[in-house]
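Visitor: So that we are looking at the same thing, I have put the structure below in structure tokens.
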Amino acid sequence: MSLNPEIAAFLDLVEANQTGDSIALHRQTPEQARQAFEQSSARMRWQAPEVDCLDLNYPTRDGSSLPMRLYRPLGESQETLPVLVFLHGGGFVVGSLDSHDGVCREFCARTPCAVLAVEYRRAPEYKFPTAVDDAADALHWLAVNAEELALDTDRLAYGGDSVGATLATVLAIEAAADPSGLKPCLQLLCYPVTDASRRSESMELLSEGYLLESATLEWFYDHYARTPEDRDDWRFSPLLAPDLQGVAPAFIALAGFDPLIDEGRAYAQRLAAQGSVVECREYRGLVHDFLRMPMVTAEVEAVYRELAEVLQRALYPQPSAAATDRVRD
Numbered sequence: 001m002s003l004n005p006e007i008a009a010f011l012d013l014v015e016a017n018q019t020g021d022s023i024a025l026h027r028q029t030p031e032q033a034r035q036a037f038e039q040s041s042a043r044m045r046w047q048a049p050e051v052d053c054l055d056l057n058y059p060t061r062d063g064s065s066l067p068m069r070l071y072r073p074l075g076e077s078q079e080t081l082p083v084l085v086f087l088h089g090g091g092f093v094v095g096s097l098d099s100h101d102g103v104c105r106e107f108c109a110r111t112p113c114a115v116l117a118v119e120y121r122r123a124p125e126y127k128f129p130t131a132v133d134d135a136a137d138a139l140h141w142l143a144v145n146a147e148e149l150a151l152d153t154d155r156l157a158y159g160g161d162s163v164g165a166t167l168a169t170v171l172a173i174e175a176a177a178d179p180s181g182l183k184p185c186l187q188l189l190c191y192p193v194t195d196a197s198r199r200s201e202s203m204e205l206l207s208e209g210y211l212l213e214s215a216t217l218e219w220f221y222d223h224y225a226r227t228p229e230d231r232d233d234w235r236f237s238p239l240l241a242p243d244l245q246g247v248a249p250a251f252i253a254l255a256g257f258d259p260l261i262d263e264g265r266a267y268a269q270r271l272a273a274q275g276s277v278v279e280c281r282e283y284r285g286l287v288h289d290f291l292r293m294p295m296v297t298a299e300v301e302a303v304y305r306e307l308a309e310v311l312q313r314a315l316y317p318q319p320s321a322a323a324t325d326r327v328r329d
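Next comes the structure, spelled out in structure tokens:
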């Protein structure tokens, strides 16, 4: 397995410029890291598709109001659409609606579907399980307001990248246990954190030099956790969930040079063992955060095409031959 040559050149450039916003996040304060992440996001911004955007807010259980952003394909403002609820990555410390704006636009235009991007409160100001609770509150808001916004929650997917995928995973597990809640038809999980309770082999082998470093992950987890024991909570480490039966089908997209790859594989295996339909796709030459790298390598274009096709199949299901025959009869 070899690293994508354009990614390799990009990593060399990052390594040669370890100053300013290129300093490793774990060597900065959380506020410095947030500024650096947004600055690097601006430099990596690509010409994502034009779509309609609507800024919204949702209430949380403790009385706060948090932003969310609704994306719809151009010209489809009145049509009822399936929806992808998307949660951004950033280690629970950095990242925002803006840093992942292009990602949401790609999914919206390519599928096509509505995308509801959800902001959640970040650590260390807001510790575990605040992000989990915020994401759940956003779903409650969606259930109440979907009809008014012309969103079809019978055709619903949960997705995210990195710890955003972790949150999407938790929401899907909770949905399987809640007969009255929303029921996603797909989890779209891109390089998720699934087990912060231990260090996998890939965490050791790929600990440095591939953009996301093991030391940065530890820095994220230390800021997010109230105590070390929080890492053993399944809402922090979904691989440790006691029961995964009935969880929605999943497409899990992993990067070959990501320290998180082993726990992504392990989660896919556990879901499959408990009866969920799972497809685990490894993009062998890529690194963590590849969804935000269309400016780095053209390979990401092919990834988006594949992920959009996955969403299409889930959100626009074709009637089975048997069902079609019954209708004809």
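Just so we're aligned: 28 in full-length UniProt numbering is position 28 of the sequence shown, and the numbers increase by one with no gaps anywhere.
Ideal Cβ placement from N, Cα and C applies to all residues, glycine included.
#1: Taking 7 Å as the limit between beta carbons, can you name the residues of its chain near residue 363, skipping five residues before and five after?
#2: Taking C-beta to C-beta, are Ala143 and Val247 nearer than 8 Å?
#3: Taking the alpha-carbon positions, what's the Gly160 to Ala16 distance?
#4: Taking Pro294 as the reference, which of Ala42, Arg34, Ser237 has the closest Cα?
#5: Once DSSP output is grouped into helix, strand and coil, what is the label at Leu260?
#6: Using only the alpha-carbon positions, how far apart do Pro179 and Leu3 sit?
#7: Of all the options Gly264, Glu76, Ser96, which has the alpha carbon lying nearest to the alpha carbon of Ala36?
#8: Could you please give the first and the last residue of the uninterrupted alpha helix (DSSP H) stretch that includes Met1?
#9: If I follow the unbroken alpha helix (DSSP H) through Arg110, where does it start and stop?
#10: Following the continuous alpha helix (DSSP H) through Gln224, name the residue where it begins and the one where it ends.
#11: By DSSP's criteria, Met68 is part of a beta bridge. Which residues make up the other side?
#12: For Gly264 and Gly285, which I take to be in contact (beta-carbon distance under 8 Å), what is that distance rounded to the nearest angstrom?
#13: Tell me whether Glu306 sits in a helix, a strand or coil according to DSSP, three-state version.
#14: Using DSSP with H/G/I as helix, E/B as strand and the rest coil, what is Pro228?
#15: Just reading off the alpha helix (DSSP H) that Leu171 is part of, what are its end residues?
#16: Under 8 Å by Cβ, that's how I've got Leu211 and His288 pegged, so tell me the actual separation to the nearest angstrom.
#17: Can you give me the Cβ contacts of Ala150 inside the same chain, cut-off strictly under 6 Å, excluding the 5 residues immediately before and after it?
#18: Going by DSSP in three states, Gln28 sits in which element: helix, strand or coil?
#19: According to the neighbour-count rule (16 or more other Cβ atoms, all chains shown, within 10 Å of its Cβ), is Ser65 buried or exposed?
#20: Taking DSSP as the reference, what is the three-state secondary structure of Arg326?
#21: Can you grab the Cα-Cα spacing for the pair Val303 / Pro49, in whole Å?
#22: Which residue comes first and which comes last in the alpha helix (DSSP H) that contains Val144?
#23: Taking the alpha-carbon positions, what's the Leu56 to His140 distance?
#24: From Phe10, Leu182, Ala225, Tyr58, pick the residue whose C-alpha is nearest to that of Ser40; which is it?
#25: With DSSP collapsed to three states, give me the class of Phe251.
#26: Tell me which same chain residues have a C-beta within less than 6 Å of the C-beta of Arg155, skipping the five on either side of it?
#27: Let's see if you can read the secondary structure: which residues bound the alpha helix (DSSP H) around Leu182?
#28: With 16 as the cutoff for other CB atoms within 10 Å, does Gly275 come out buried or exposed?
#29: Could you tell me which residues DSSP puts in a beta bridge with Asp152?
#30: Tell whether a beta-carbon distance below 8 Å holds between Ala253 and Cys190.
#31: Give the single residue among Tyr221, Arg45, Pro129, Glu147 whose Cα lies nearest to the Cα of Cys104.
Guide: Answer, in terms of the structure:
#1: Residue numbering for the chain in the displayed model covers 1 to 329; residue 363 lies beyond these limits and cannot be assessed.
#2: Your numbering for residue 143 matches position 143 in the sequence shown. Your numbering for residue 247 matches position 247 in the sequence shown. No; because the gap between Cβ atoms is not below 8 Å, this pair is not in contact.
#3: For the purposes of this step, residue 160 is identified with residue 160 of the sequence shown, where counting begins at 1. For the purposes of this step, residue 16 is identified with residue 16 of the sequence shown, where counting begins at 1. If I take the Cα positions, the gap works out to 30 Å.
#4: The residue labelled residue 294 in the question sits at position 294 within the sequence shown. Comparing Cα positions, the closest option is Ala42.
#5: The residue labelled residue 260 in the question sits at position 260 within the sequence shown. Three-state DSSP puts Leu260 in coil, outside helix and strand.
#6: Locating residue 179 in the sequence shown gives position 179, counting from the first residue. Locating residue 3 in the sequence shown gives position 3, counting from the first residue. Taking the straight line from one Cα to the other gives about 44 Å.
#7: Counted from its first residue, the sequence shown places residue 36 at position 36. Cα-wise, what sits closest to Ala36 is Ser96.
#8: Translated into the one-based positions of the sequence shown, residue 1 becomes position 1. Note, Met1: premise wrong, no alpha helix (DSSP H); not H, not E.
#9: One-based indexing of the sequence shown puts residue 110 at position 110. First-last of the alpha helix (DSSP H) with Arg110: 101 to 110.
#10: As a working note, residue 224 is residue 224 in the sequence shown. Note that residue 224 is Tyr in the sequence shown, not Gln. Note, Tyr224: alpha helix (DSSP H), 214 to 224.
#11: Position 68 of the sequence shown, counting from 1, holds the residue named residue 68. Partner(s): Leu56, Val118.
#12: Residue 264 sits at position 264 when you count from the first residue of the sequence shown. Residue 285 sits at position 285 when you count from the first residue of the sequence shown. About 16 Å; that fails the 8 Å criterion.
#13: Translated into positions along the sequence shown, residue 306 becomes position 306. Note: Glu306 maps to helix in three-state DSSP.
#14: As a first step, residue 228 is located in the sequence shown; it is residue number 228 there, counting from the start. Pro228: helix per DSSP, three-state reduction.
#15: As a first step, residue 171 must be located in the sequence shown, where it is residue number 171. Note, Leu171: alpha helix (DSSP H), 163 to 177.
#16: To locate residue 211, count along the sequence shown from 1; it is residue 211. To locate residue 288, count along the sequence shown from 1; it is residue 288. Confirmed, about 6 Å.
#17: Residue 150 sits at position 150 when you count from the first residue of the sequence shown. For Ala150, where only same-chain residues beyond five positions count, the Cβ hits under 6 Å are Thr80.
#18: Taking the first residue of the sequence shown as position 1, residue 28 is located at position 28. Reduced to three states, the DSSP call for Gln28 is coil.
#19: Translated into the one-based positions of the sequence shown, residue 65 becomes position 65. With fewer than 16 other Cβ atoms within 10 Å, it is exposed.
#20: Position 326 of the sequence shown, counted from the first residue, corresponds to residue 326. For Arg326, the predicted structure reports a pLDDT of 33, less than 50, and the residue's modelled location is therefore unreliable. The matter cannot be settled from this model.
#21: Along the sequence shown, read from residue 1 onward, the residue named residue 303 stands at position 303. Along the sequence shown, read from residue 1 onward, the residue named residue 49 stands at position 49. Cα to Cα, Val303 sits roughly 16 Å from Pro49.
#22: In the sequence shown, residue 144 corresponds to position 144, counting from 1. Element bounds for Val144: 130 to 145.
#23: Stepping through the sequence shown from its first residue, residue 56 is reached at position 56. Stepping through the sequence shown from its first residue, residue 140 is reached at position 140. Distance between the alpha carbons of Leu56 and His140: 14 Å.
#24: In the sequence shown, the residue the question calls residue 40 occupies position 40. Closest option to Ser40, Cα to Cα, is Phe10.
#25: Start at 1 with the first residue of the sequence shown, and residue 251 comes out as number 251. In the structure shown, Phe251 sits in a strand (DSSP, three-state: E or B).
#26: Here residue 155 refers to the residue found at position 155 when the sequence shown is read from its first residue. Pro82, Leu315, listed in sequence order.
#27: Start at 1 with the first residue of the sequence shown, and residue 182 comes out as number 182. Segment: none, Leu182 is in no alpha helix (DSSP H) and carries neither H nor E.
#28: Position 275 of the sequence shown holds residue 275. Gly275 is exposed by the Cβ-count criterion.
#29: Position 152 of the sequence shown, counting from 1, holds the residue named residue 152. Asp152 is bridged to Pro82.
#30: Locating residue 253 in the sequence shown gives position 253, where the first residue counts as 1. Locating residue 190 in the sequence shown gives position 190, where the first residue counts as 1. Cβ distance < 8 Å, so Ala253 and Cys190 count as in contact.
#31: Start at 1 with the first residue of the sequence shown, and residue 104 comes out as number 104. Among Tyr221, Arg45, Pro129, Glu147, the Cα nearest to that of Cys104 belongs to Arg45.
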